[in-house]
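Participant: To start, I am sharing the structure in question, which I have written as structure tokens.
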Amino acid sequence: MNASTSAPLWLRIAAAVYDLFPLIALWMLTAGSMLLLARGDVDIAHPSFAYNAALRGALLIVTAAYFVVSWARGGQTIGMRAWRLQVVANDGGPLSWTRAGLRFFAALLSLAAIGGGFLWSLFDQRRRCWHDIVARSMLVRVSRPD
């Protein structure tokens, strides 16, 4: 893979916007499941600390599963498929489960740094974000099927 096939930041953002739709559905199912587990005994205006922590943990797990499974099994999320993007290891091969997980948690840090980890791709010669560098991966453009 060379720099000409690396995905620019605007395509990453476009894919992320698409990925919000399946994620919102998954988050709603997760929140509903948590309410069922609590038997509806939650004051929504003032939820307990334990309920809040459990819900946030469940949402993080569901979000991580969406990305890690997508990246490790085919290298694409739904949003990435729409924009013909794929995550590959630096050698061009598929991402391992470990690297996919590492990439997800490094992406969280990239976001936590006010998006600085994503903006890094504007300065990196190979258009890599922090999470690409940490996971030894890159996001590439996939050619159209004939």
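Sequence positions in the sequence shown follow this note's numbering and run -14 to 131.
The beta carbon of each residue, even a glycine, is placed where N, CA and C say it ideally should be.
Let me know the beta strand (DSSP E) ranges lying completely inside the stretch 52 to 88, each 3 residues or longer, listed in chain order.
Facilitator: 70 to 74
Participant: Using the Cβ count rule (16 or more neighbours within 10 Å means buried), how would you classify L22?
Facilitator: In the sequence shown, residue 22 corresponds to position 37, counting from 1. Exposed.
Participant: Should L(-6) and F103 be called a contact, given that it needs their Cβ atoms to be closer than 8 Å?
Facilitator: On the sequence shown, residue -6 is found 9 positions in, with the first residue counted as 1. On the sequence shown, residue 103 is found 118 positions in, with the first residue counted as 1. Cβ distance < 8 Å, so L(-6) and F103 count as in contact.
Participant: For A0 versus G100, is the C-beta distance shorter than 8 Å?
Facilitator: In the sequence shown, counting from the first residue as 1, residue 0 sits at position 15. In the sequence shown, counting from the first residue as 1, residue 100 sits at position 115. Their beta carbons are not under 8 Å apart, which means A0 does not touch G100 by this criterion.
Participant: Between the Cα of A57 and those of F90, V72, S(-9) and L40, spot the shortest distance and give me the residue it belongs to.
Facilitator: Position 72 of the sequence shown, counted from the first residue, corresponds to residue 57. Among F90, V72, S(-9) and L40, the Cα nearest to that of A57 is on V72.
Participant: Taking the Cβ atom as the reference point for each residue, do L87 and V119 lie within a distance shorter than 8 Å?
Facilitator: Translated into positions along the sequence shown, residue 87 becomes position 102. Translated into positions along the sequence shown, residue 119 becomes position 134. Cβ distance < 8 Å, so L87 and V119 count as in contact.
Participant: Should H116 be labelled buried (16 or more other beta-carbon atoms within 10 Å of its own) or exposed?
Facilitator: The sequence position of residue 116 within the sequence shown is 131, counting from 1. By the neighbour-count rule (16 or more Cβ atoms within 10 Å), H116 is buried.
Participant: Less than 8 Å between C-beta atoms, sequence neighbours within five positions excluded: which residues of the same chain meet that for G78?
Facilitator: Residue numbering aside, residue 78 sits at position 93 when the sequence shown is read from its first letter. There are no such residues.
Participant: Where does V119 sit, in a helix, a strand or coil, going by DSSP?
Facilitator: Numbered from 1 along the sequence shown, position 134 holds the residue referred to as residue 119. Correct three-state label for V119: helix.
Participant: Please report how far the alpha carbon of I(-2) lies from the alpha carbon of S106, in whole angstroms.
Facilitator: Start at 1 with the first residue of the sequence shown, and residue -2 comes out as number 13. Start at 1 with the first residue of the sequence shown, and residue 106 comes out as number 121. Roughly 12 Å between the two C-alpha positions.
Participant: Please identify the residue among Y36, A91, A50 and S122 whose C-alpha is closest to the C-alpha of V24.
Facilitator: Working through the sequence shown from its first residue, we reach residue 24 at position 39. Reading off the sequence, residue 24 comes out as Arg, not Val. That would be Y36, whose Cα lies nearest to the Cα of R24.
Participant: Roughly how many angstroms separate the alpha carbons of R53 and P32, rounded to a whole number?
Facilitator: Taking the first residue of the sequence shown as 1, we reach residue 53 at position 68. Taking the first residue of the sequence shown as 1, we reach residue 32 at position 47. A small fix is needed here, since residue 53 is Val in this sequence, not Arg. Answer to the nearest angstrom: the Cα atoms are 30 Å apart.
Participant: With a CB to CB cut of under 8 Å and the five nearest residues on each side skipped, what residues in its chain are close to R121?
Facilitator: Working through the sequence shown from its first residue, we reach residue 121 at position 136. Same-chain partners within the cutoff: A74, N75 and R84.
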